[in-house]
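Structure first, commentary second.
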Amino acid sequence: MNTKFSSLPDYPALKKLASALWQQDNAYHGAAIIVGAGFSRSCASTGDNSRKLPLWNDFAKILSKELASGSNDPLRLAEEYNAYFGKRALHDLIKKEVNDSAWTPGELHYSLMELPWSEILTTNWDSLLERTSAEVHSPVYSIVSKPEDLSNAKTPRIVKLHGTIDITKELIFTQEDYRKYPQSYAAYVNFARQVFIENELCLLGFSGDDPNFLQWAGWVRDNLATHSRRIYLVGALKLNAAKRKYLESINVAPIDLDDLVADYDDIDLKHKQATRLFLEFLHDMKPNQVWEWEPSRSQRVGFNEDERNKIYNDSSYAAKLLEGQLPVLRNDRDSYPGWLICPDSIRWELQNQFNIPSPKKEHLQHMTAESRACLLYEISWRYEKTYDLPPSWLIHELLTVCDLNTPCGLSKKQQLEIALLLLKNTRWLNPTDSKPIIEETTKILEKGIKYWPELANELAYHQAIVSRDNFDFHIIEENIKKITECNPDWKIKKASLLAELGEFEGGERLITEAYKELLIQYRNDRNSIYILSRLAWVQWLMEGVKYWSSEKEFKIISINTQIQKCNPWDHLEYIRKRITDELTTQQNKMAIKPSFEPGYYKDNSNTITFGNILHPLFILEGISRDAGIPVCWDFRGFLVQHAAMLSEIETDNNIHRFSLAIRSANSDTSDSLINNFSRIKIACLPQSDVEHLLNQCSQAVEYWIEKCKTGKNKGNHHVITKLRVFIEVLARVSVRATPEQAKKIFRLALSLGRVNELHHFWLFDALKHLIEFSLESIPKSEHSEILLEALMFPLASEIETVGPKEWINPIIENPGNREQNSAIDRRIDEIIDRISPCSSQSAPSLLRLLPLIENNFLTESEKNKIADHIWGANPDYQKLPNTGLYFYSLLKIPSRDVLSSNNLVRETLFNANDKQLLEQSHLANIINAARAKNINELPSPEQAIRYFNILISWEAKKHDNDMLGLKENEELRRIELIGHALAYSVIPSLPLSELTEDNFKRLISFYNDNGNATEVLVALAYFSAANDAFTERLENLYKKTLQSKDIDKVVCTSYAIYTWMKLNKSSAVERLTVRLIYLIEPNRMAYLHGLLWTVNEMYCSEYLSNRDIEFLVDILPVIFDSATYTDINPASKESVSISLVRAACVRLAKDILTISHSENKELYRIINEAKLDPLPEVRFANID
């Protein structure tokens, strides 16, 4: 098509008009068009092919005939006709000759209307354009039939300058109409003036002698002079030199298409074909939008089998094909629109652009040095845009062309770009592979800064990101200072790093500056994808950063980012989908797929999937790096959900998962921490990852402590949040620490409690975990080494804390032997002094002293001092003092008169009224008094009878207005406590006379009515032990509950059997013991630890037969080996108790070896392997 037009003399003008129409130049608003009668005549259609719409000369002939005039001036004739017959007659004549309803729009009407004219003006009286517009949906034109319609019609518009048949009262035709037109239709004239000034103007359907053309062209010349833009007169004009000269003199540029249709002898068909060619040309000239860019396809079709084999087997042939693709690849790169983040669909095409052949190392050997370097650069550019990871062979090849001292056909900047790509990708390599690459590329890049000034920023930014993932915040600070704010990109990236340090004020300033700069750039160049894509990301950032701001100056501007593939939400949604897909795939691998046929299924655990879809980790990291998007900004999470979900996808490199999980956490209870640092996942970590977390989290805690101490950061919620997150992670990982490491962490935790700035209730839970979990990793035999530090930890009454949570209280349960130590003496004395008579604030001091009391660590004078603080100087032992603890603990606390104080406690415990007895706290006191070490306080038979009748008669209340279920949960807890009280205190104290059929039935009924009272199963054993009449019924009940799916029922039944065995070793209980023993097998991992504890007690009490013991000896190694952390689903019930199962195996194995003096190698193996177990409950099971 263009070839046909290019031979025309007016081809430059035609191209200029097309360029204005499609607004390829920012200097143009666009192009408008005035449509004349010639367009309707040529393009409209009717049922009678012999009819044509009239032109000016046709009207002149009709008027001349009716007026019997010799004039051929249509305007003069119309004026005479109007004067003689009147305006109505003239309008009727026009209506009759045009006959608008008889004509329908032709295909060229639609072709015209589908072009993006800024405005369409027409002097035609017909309604063909309006009817066409109703069926064209892009663009949508408003109709302006009368001047007053202008104010209500949106651009683009169809403006009927001379009226419309049957629509307007006036139709412009006569000389007088034209003379008065500027006054009568001033709105149209002003509108036209604006259109002519702002747009290139095309005249279509006019001849050079057309009165309408002459009138409007003359008006433009007289009124706009040099202010109007070019007017293009288009058609098969057949202009001679004089006519062309005349048109040019009145600022009309003719586009004469007569040469293209010279062979047509039918004048109407000739004009129609010229119009068709013109409109087709305009459509063909529609430019490809910048955002429609796509990379060329390197895959070639039409290869036969021999050619394909040659490509794969002949490296030199493949190399030749690759060399042939270089110009196309280079053109693709040069024409890339400059998206900050490459759209995902294009990223996929770039990633797979090389197909036949796919570049390989052997291909490069057959290429010239220059072609090889150019190909490698094109490949590296695509890896940079797609965030893909180059294979090892390609990394080696790329290294050979980025040395600045070795010219290779690439510019120095291109060589440096390759080196930078390699340096960035070392983040994903293991340390052994990455170290030499880092050293070599860093040396090259530092030397090349003078050739590419922004390299200094790139190096500092990369190092800061690496340090961010390693939690080296000091290094981040150092590298931030090295980044210069030379353009909006670097301001945003620097701001993202400042956000990692909580420097939000400085970061917000940089983002605001970048936003303002990009707005100005976008205003000056609205067609630039490079600018728009950056502006879109910065505006998205600004919305988040300014979300809580009270500033009014920030206003969101409307920019169309969707169609131009610059919308940040599109990228984020794509990442979310990719992460979800990966998580689904990961979960499916852990499941089976049942077949429709019974007994068949597919095990997905060994499924291997193939594909070249990029891992979402690379995409998220690439986008956040290039766009400078922090995971979160203060409390605003930009990528928090993405990062948290991504952290749960298993990868070979855990460092990046750790970074995402920690950076996406906003508290110590965030799901990202709970899921990624669960006890089982911590147990599965390789030792190198454990060491990394212990070291880097400790450094991070120390960094944020220093930040917290500085003036401007005191009480800073971001600093506190960072501390609570890192403290929690360190606490969880500390279970993997060696005893020496654990002591160091424990002391660090204690030191935090002495920092006033850290007495924030947000930190209490995390700090408590740090103390408790690190203490777990210290053998109890070594607890005495840290006793003094634990005692020195400030009590709640020694500091000022505000908030809803209790202050931490480290307690050492195994203080060891008391040695001469004035510091310990002094500190114990201080703690005792913090005990206040009848005050709940004494609880922390007493809790810290209780283990010392129980282990006989305190001196007599210290015990007496405690007694005096609790009971007062002259106690009468008539009322229990308030200690803030359960009052049963007074049985442990020293007293000057032990008998009197114990009697008072017993009186309170066992002589409570009905209401007091049913209080949860009182039930808890009864249970603890019965089960606490070295206490075992039980009610008298009479007290037990009374309590039994009260407790067994209790019924749970129904609460109608309990939407949250709080009262229901309270009742369930009460049922559970009643069951415990009956099992361990009340029923063991009943006299034999009360173990009757009636009471047995009442107890069974209570058990059946209250599902949470599982401990009643233990209580029932006392009835069977006392009377064989209950044996059969109880044996059947225990058989049933041993097979229950309820873990609590199974474990309680096992203890009930043990209790029954202690009370009365009958044949029934022996049968139940056999059943219990055979439940000890690997497939019952969820409650196996409870069963193993019971069986261990039975073994130590010599209740097991030789056969039972032999079974246990055989099954223990199987259970221990089956209870591996790596084979368990971290979210399963089994994961909760698997370490307890391993610990129980160790204890039972130890007891069997000790008591039986066996030399069983498998049991010794269990004990030896346990010493190296990742979790302390197993490591120390043989020691503690």
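Numbering-wise, the sequence shown is residues 24 to 1207 according to our numbering.
Every residue gets a Cβ at the ideal spot worked out from N, C-alpha and C, and that includes glycine.
Predicted model, so just to flag it, every value in this text is computed and none were measured.
Do you know how far the Cα of leucine 300 is from the Cα of aspartate 11?
In the structure as shown, the chain begins at 24 and stops at 1207. Residue 11 is therefore absent and cannot be evaluated.
Practice prompt. State the Cα-Cα distance for the pair threonine 906 and valine 561, rounded to the nearest angstrom.
Written response: For this step, residue 906 is matched to residue 883 along the sequence shown. For this step, residue 561 is matched to residue 538 along the sequence shown. Straight-line Cα distance between these residues: approximately 59 Å.
- Query: If you draw a straight line from the C-alpha of proline 179 to the C-alpha of leucine 44, how long is it?
  - Reply: Here residue 179 corresponds to residue number 156 of the sequence shown, with the count starting at 1. Here residue 44 corresponds to residue number 21 of the sequence shown, with the count starting at 1. For proline 179 and leucine 44, the distance between alpha carbons rounds to 13 Å.
task = Could you check if lysine 980 is buried or exposed, using at least 16 other CB atoms within 10 Å of its CB as the buried criterion?
result = As a first step, residue 980 is located in the sequence shown; it is residue number 957 there, counting from the start. Under the 10 Å beta carbon count, lysine 980 is surrounded by fewer than 16 other beta carbons and is classified as exposed.
Can you tell me where the alpha helix (DSSP H) with threonine 298 in it begins and where it stops? On the sequence shown, position 275 is the one that residue 298 refers to. Judged by DSSP secondary structure, threonine 298 falls within the alpha helix (DSSP H) whose first and last residues are 290-307.
* Report the partner residues of threonine 145 according to the DSSP bridge assignment. => Indexing the sequence shown from 1 puts residue 145 at position 122. Answer is Val58, Lys183, bridged to threonine 145.
(message) Distance check for methionine 1084 and leucine 914, CA to CA, integer angstroms please.
(response) Residue numbering aside, residue 914 sits at position 891 when the sequence shown is read from its first letter. Residue numbering aside, residue 1084 sits at position 1061 when the sequence shown is read from its first letter. Leucine 914 and methionine 1084: Cα-Cα distance of roughly 30 Å.
Rounding to the nearest angstrom, what Cα-Cα distance links tryptophan 475 and phenylalanine 219 in this structure? By 1-based counting over the sequence shown, the position of residue 475 is 452. By 1-based counting over the sequence shown, the position of residue 219 is 196. Cα to Cα, tryptophan 475 sits roughly 48 Å from phenylalanine 219.
Taking the C-alpha atoms as reference points, what is the distance between glutamate 1020 and serine 1047?
-> The sequence position of residue 1020 within the sequence shown is 997, counting from 1. The sequence position of residue 1047 within the sequence shown is 1024, counting from 1. Distance between the alpha carbons of glutamate 1020 and serine 1047: 11 Å.
Opening and closing residue of the alpha helix (DSSP H) in which cysteine 1123 lies = For the purposes of this step, residue 1123 is identified with residue 1100 of the sequence shown, where counting begins at 1. Element bounds for cysteine 1123: 1111-1123.
Nearest to arginine 356 by alpha carbon, out of Lys343, Leu373, Glu821?
Taking the sequence shown and counting its residues from 1, one reaches residue 356 at position 333. Looking from the CA of arginine 356, the closest CA among Lys343, Leu373, Glu821 belongs to Leu373.
Runs of alpha helix (DSSP H) lying entirely within the segment 770-817, each at least 4 residues, in chain order:
787-799, 810-815
Rounded to whole angstroms, what's the CA-CA distance from isoleucine 1010 to alanine 1042? Just pull it up for me. Numbered from its first residue, the sequence shown carries residue 1010 at position 987. Numbered from its first residue, the sequence shown carries residue 1042 at position 1019. Their backbone Cα atoms lie some 6 Å apart in a straight line.
inquiry  = Let me confirm a value: tyrosine 107 is counted as buried when at least 16 other C-beta atoms fall within 10 Å, else exposed. Which label applies?
reply    = Counting from one through the sequence shown, the residue named residue 107 turns up at place 84. The residue is exposed, with fewer than 16 neighbouring Cβ atoms inside 10 Å.
Counted within 10 angstroms of its Cβ, other Cβ atoms place valine 1039 as buried (16 or more) or exposed: Position 1016 of the sequence shown holds residue 1039. Flag for valine 1039 reads buried.
**Request:** For aspartate 1069, count neighbouring Cβ atoms within 10 angstroms of its own Cβ and tell me buried if that reaches 16, exposed if not.
**Result:** Residue numbering aside, residue 1069 sits at position 1046 when the sequence shown is read from its first letter. Within 10 angstroms of the beta-carbon of aspartate 1069 lie fewer than 16 other beta-carbons, which makes it exposed.
By a C-beta neighbour count over all protein chains shown, 10 Å radius and 16 as the cutoff for buried, is aspartate 411 buried or exposed?
The residue given as residue 411 occupies position 388 in the sequence shown. Buried, since its Cβ has 16 or more Cβ neighbours within 10 Å.
Using 8 Å as the Cβ pair cut-off and three pairs as the minimum, do the segment 1077-1094 and the segment 1049-1060 touch?
-> Flag = yes, the segment 1077-1094 and the segment 1049-1060 touch.
Determine the burial state of threonine 155: buried for a count of at least 16 other Cβ atoms within 10 Å of its Cβ, exposed for fewer. As a working mapping, residue 155 is identified with position 132 in the sequence shown. Buried.
**Asked** Which residue or residues does DSSP assign as beta-bridge partners of cysteine 225?
**Response** Indexing the sequence shown from 1 puts residue 225 at position 202. The partner list for cysteine 225 (beta bridge, DSSP) reads Ile56, Tyr255.
Query raised in the report: Buried or exposed: which applies to threonine 298, given that a residue is buried once 16 or more other Cβ atoms fall within 10 Å of its Cβ?
Result: Counting from one through the sequence shown, the residue named residue 298 turns up at place 275. So threonine 298 ends up on the buried side.
Original post:
So, is methionine 986 buried or exposed, given that buried needs 16 or more other C-beta atoms within 10 angstroms?
Top reply: Position 963 of the sequence shown, counted from the start, is the residue given in the question as residue 986. By the neighbour-count rule (16 or more Cβ atoms within 10 Å), methionine 986 is not buried but exposed.
Quick one: Cα of threonine 733 to Cα of alanine 846, how far? Position 710 of the sequence shown, counted from the start, is the residue given in the question as residue 733. Position 823 of the sequence shown, counted from the start, is the residue given in the question as residue 846. Going from the Cα of threonine 733 to the Cα of alanine 846 covers about 31 Å.
Alanine 487 beta carbon less than 8 Å from that of isoleucine 499 = In the sequence shown, counting from the first residue as 1, residue 499 sits at position 476. In the sequence shown, counting from the first residue as 1, residue 487 sits at position 464. Yes.
Run through the DSSP bridge pairs and tell me what cysteine 655 is partnered with. The count along the sequence shown starts at 1 and reaches residue 655 at position 632. DSSP output for cysteine 655 lists Gly660 as bridge partner(s).
Checklist entry - Could you give the distance in angstroms between the alpha-carbon of alanine 684 and the alpha-carbon of isoleucine 460? => result Numbered from its first residue, the sequence shown carries residue 684 at position 661. Numbered from its first residue, the sequence shown carries residue 460 at position 437. Whole-angstrom Cα-Cα distance: 28 Å.
Can you give me the start and stop residues for the beta strand (DSSP E) that proline 277 sits inside? Along the sequence shown, one-based indexing puts residue 277 at 254. Element bounds for proline 277: 275-279.
Rounded C-alpha distance that separates isoleucine 631 from lysine 766: In the sequence shown, the residue the question calls residue 631 occupies position 608. In the sequence shown, the residue the question calls residue 766 occupies position 743. In this prediction, isoleucine 631 scores a pLDDT of 48, lower than 50, which makes its location untrustworthy; no coordinate-derived value is stated.
### Query
Do you know how far the Cα of isoleucine 1190 is from the Cα of valine 1169?
Within the sequence shown, numbered from 1, the residue matching residue 1169 stands at position 1146. Within the sequence shown, numbered from 1, the residue matching residue 1190 stands at position 1167. If I take the Cα positions, the gap works out to 6 Å.
Of the choices Leu452, Ser865, Lys470, whose alpha-carbon is the least far from that of isoleucine 678?
The sequence position of residue 678 within the sequence shown is 655, counting from 1. Ranking the options by Cα distance to isoleucine 678, first place goes to Leu452.
Notebook entry, point to check: Going by the beta-carbon positions, is the gap between leucine 558 and isoleucine 582 smaller than 8 Å?
Noted result: What you label residue 558 is simply residue 535 of the sequence shown in a count that begins at 1. What you label residue 582 is simply residue 559 of the sequence shown in a count that begins at 1. Contact: yes.
Review point. Are the CB atoms of serine 868 and leucine 790 nearer to each other than 8 Å?
Key: On the sequence shown, residue 868 is found 845 positions in, with the first residue counted as 1. On the sequence shown, residue 790 is found 767 positions in, with the first residue counted as 1. Contact flag unset, no.
| said: My output table needs one value for serine 29: the three-state DSSP class, helix, strand or coil. | reply: Looking up residue 29 in the sequence shown gives position 6. Reduced to three states, the DSSP call for serine 29 is helix.
Reference glutamate 960; option with closest CA among Val928, Ile975, Ala1172: Locating residue 960 in the sequence shown gives position 937, where the first residue counts as 1. For the residues Val928, Ile975, Ala1172, the minimum Cα distance to glutamate 960 belongs to Val928.
ask   = So is glutamine 764 buried or exposed if we call it buried at 16+ other beta carbons inside 10 Å?
value = On the sequence shown, residue 764 is found 741 positions in, with the first residue counted as 1. Under this definition glutamine 764 is a buried residue.
* To do: Please say whether leucine 224 and isoleucine 57 have beta carbons closer to each other than 8 Å?
  => Here residue 57 corresponds to residue number 34 of the sequence shown, with the count starting at 1. Here residue 224 corresponds to residue number 201 of the sequence shown, with the count starting at 1. Cβ atoms of isoleucine 57 and leucine 224: closer than 8 Å.
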